[in-house]
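So the structure is just underneath, and the comments pick up after that.
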Amino acid sequence: MADFFDALDPKHVAMIEKQPVFFVATAASEGRINLSPKGYDAFRVLSPTRVAYLDLGGSGNETHAHLAAAQTDKGRLTLMFCNFERPALILRIYGTGKAVLPQDEGWDELAAHFTMMPGTRQIFDIAVESVQTSCGWGVPFMSLEGERETLKKAHRQADPAEWEAKMATRVTSIDGLPTRATDRFIAGE
């Protein structure tokens, strides 16, 4: 049975803080639906109605493209957390969001909530519109063996000028939607 809430409550926040992975889903009015897993210590609850996550450069930038393309739709997205331990629980956050890049107004305020990681590209700032919890009884028990350090290692070893040049070429999504490139390499931890 699903329950809906207008905002995150302390029990929701406690569950979120225990999860080593979360999922982000977005879609523009046409093209592919994007669903991305996210790891690392990259998610923050800023208030009961505002969350954010730190995004590293990777294979694409679909979330950014979808949110930018959908500004007339307020950039809708869904975040999902699954508890792979006890108690069984799935938590979804429905909201609207925008990408905030290092060169944007608001970057410093958001960045202060995170430890920067090598290859940080942007932070997604999300207004929570509703929260849904459901049983999660069909989700298996799983345990975390450890984080993969490969993405951070690749960014850490990158030449900053080459990284910036590469990111500057990534200005469209898989479906050809525009994105904005970060203007700087962030070395991070």
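Those letters in the sequence shown? Residues 568 to 756, by this note's numbering.
Every residue gets a Cβ at the ideal spot worked out from N, C-alpha and C, and that includes glycine.
E584: member of the alpha helix (DSSP H) spanning 577-585, first to last residue. Within the same chain, Cβ atoms closer than 8 Å to the Cβ of T682 are found at D608, G755, E756, the five residues on either side in sequence being excluded. Taking a contact to require three or more Cβ pairs closer than 8 Å, the region 658-666 and the region 688-700 qualify as touching. Residue pairing for S701: DSSP places it in a beta bridge opposite I657.
As the crow flies, the alpha-carbon of A574 is around 34 Å from that of D750. In this structure, M582 lies away from L677, with their beta-carbon atoms at least 7 Å apart. The region 669-714 is shown to contain whole beta strand (DSSP E) runs of 3 or more residues at 687-701, in chain order. Non-local C-beta neighbours of Q586 in its own chain, meaning closer than 6 Å and more than five positions away in sequence, comprise F648, ordered along the chain. About 6 Å separates the CB atoms of L646 and F589; that is less than 8 Å, so the two are in contact. Counting only residues of its own chain and dropping the five nearest sequence neighbours on each side, A655 has a CB closer than 8 Å to the CB of C702, G703, W704, V706. Here T736 carries a helix assignment [DSSP, helix/strand/coil]. Across the set R599, E714, A728, D570, the C-alpha of R599 shows the shortest separation from the C-alpha of G627. If you compare the alpha carbons of W730, Y661, K720 with that of A619, the shortest gap goes to Y661.
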